[in-house]
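Enquirer: Before I ask anything, here is the structure I am working with.
Numbering (the UniProt record's numbering), first residue to last: 1 to 317.
Take a look at the structure:
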């Protein structure tokens, strides 16, 4: 009997040891480092320039990459060194070191030297925010915004109307100050200089050719916030143009948005998260960006004939 007992004990020990060795690694933990997560991993093709003129595009691309690695919490303040317990500290140290290397390597050479004193990824991230976002209000660009988890959002709920009857929008007449979503425009354009924020004027910008073939002067360059979810950068202020254009190519290239054109409307979504950013409603052959519930169009409304818009845009009818 004793022999059987000893055999059972040894068997239990072996089974326990094998169970410990075969424990499944929690790959969903932010402390998990994949074998490919080496410090020299390249996250963005274009480093952050010394002037910071590409900061927002760079930041967005880098945050997308961090989210794909489940490491955004090391820069957005979710996981800080002071908040973690001693058990997780040994896991936090290598993760922080790797993320810190990723951020540093994504900077221009001129910026890397100024971050040599930084010890955490969070510190360098906030330092860059402070350096390149001075004077920018949260309405223009929400620096704390992270990529939201993917979720379904119907067109009717977007307008806060479960019945799908978008009666709040008058599609029988369109406002001249609404944005036309144009697949042929290479730049965002507004005729309302007052709608621009973070504006730069007196720039030596060459005249541009608008869709109807006319050449007009650019008076200013700035940003336009079209609601809480959509902020446009490098918008050209052209008072002589008399209306606003939303460039599809700049939305897809600069903001990594996807536009889907359907019968009667189009949908603008954030490509990584599929978050609904905006909706365009078709009216007489043109797609107009519709304001979200509780938000206004770019400026005050003036009625305009759709045929006139087609002529201004150089469309054949």
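Beta carbons are placed, not taken as given, at the ideal position from N, Cα and C, and that holds for glycine.
These numbers come from a predicted model, not from an experiment.
Please report the distance separating the alpha-carbon of residue 189 from that of residue 62.
Expert: Using only the alpha carbons, I get a separation of about 28 angstroms.
Enquirer: Relative to the C-alpha of residue 183, which residue among 214, 208 and 252 is closest?
Expert: Checked all of 214, 208 and 252; the closest Cα to residue 183 is 252.
Enquirer: Taking 8 angstroms as the threshold, find out whether the segment 27-42 comes into contact with the segment 96-113 through three or more Cβ pairs.
Expert: The answer is yes - the segment 96-113 touches the segment 27-42, with three or more Cβ pairs under 8 angstroms.
Enquirer: Find the nearest neighbour of residue 274 within the set 52, 76, 64 and 249, judged by alpha-carbon distance.
Expert: For the residues 52, 76, 64 and 249, the minimum Cα distance to residue 274 belongs to 64.
Enquirer: Determine the direct distance from the alpha carbon of residue 110 to that of residue 28, and round the result to whole angstroms.
Expert: About 35 angstroms.
Enquirer: Looking only at its own chain, which residues have a Cβ that is under 7 angstroms from the Cβ of residue 289, when we skip the five neighbours before and after it?
Expert: So the qualifying residues of the chain are 178, 179, 181, 226, 246, 278 and 280.
Enquirer: Alpha helix (DSSP H) containing residue 129: first to last residue?
Expert: 121-132 is the extent of the alpha helix (DSSP H) around residue 129.
Enquirer: Give me the Cβ distance between residue 267 and residue 255, rounded to the nearest whole Å; I'm assuming they're in contact under 8 angstroms.
Expert: No, residue 267 and residue 255 are not in contact; Cβ-Cβ is about 15 angstroms, not under 8 angstroms.
Enquirer: So who's on the other strand from residue 204, going by DSSP bridges?
Expert: Bridge partners of residue 204: none, in fact.
Enquirer: What are the residues that DSSP puts in a beta bridge with residue 279?
Expert: Residue 279 is bridged to 267 and 290.
Enquirer: Tell me whether residue 243 sits in a helix, a strand or coil according to DSSP, three-state version.
Expert: It is coil, neither helix nor strand.
Enquirer: In terms of residue numbering, what span does the alpha helix (DSSP H) encompassing residue 56 cover?
Expert: Run containing residue 56: 55-68, per the alpha helix (DSSP H) assignment.
Enquirer: Between the segment 230-247 and the segment 190-200, do three or more beta carbon pairs fall short of 8 angstroms?
Expert: Short answer: they touch.
Enquirer: According to the neighbour-count rule (16 or more other Cβ atoms, all chains shown, within 10 Å of its Cβ), is residue 195 buried or exposed?
Expert: With 16 or more other Cβ atoms within 10 Å, it is buried.
Enquirer: Comparing C-alpha positions only, which one of 198, 261, 249 and 240 sits nearest to residue 132?
Expert: Here the closest residue by C-alpha is 198.
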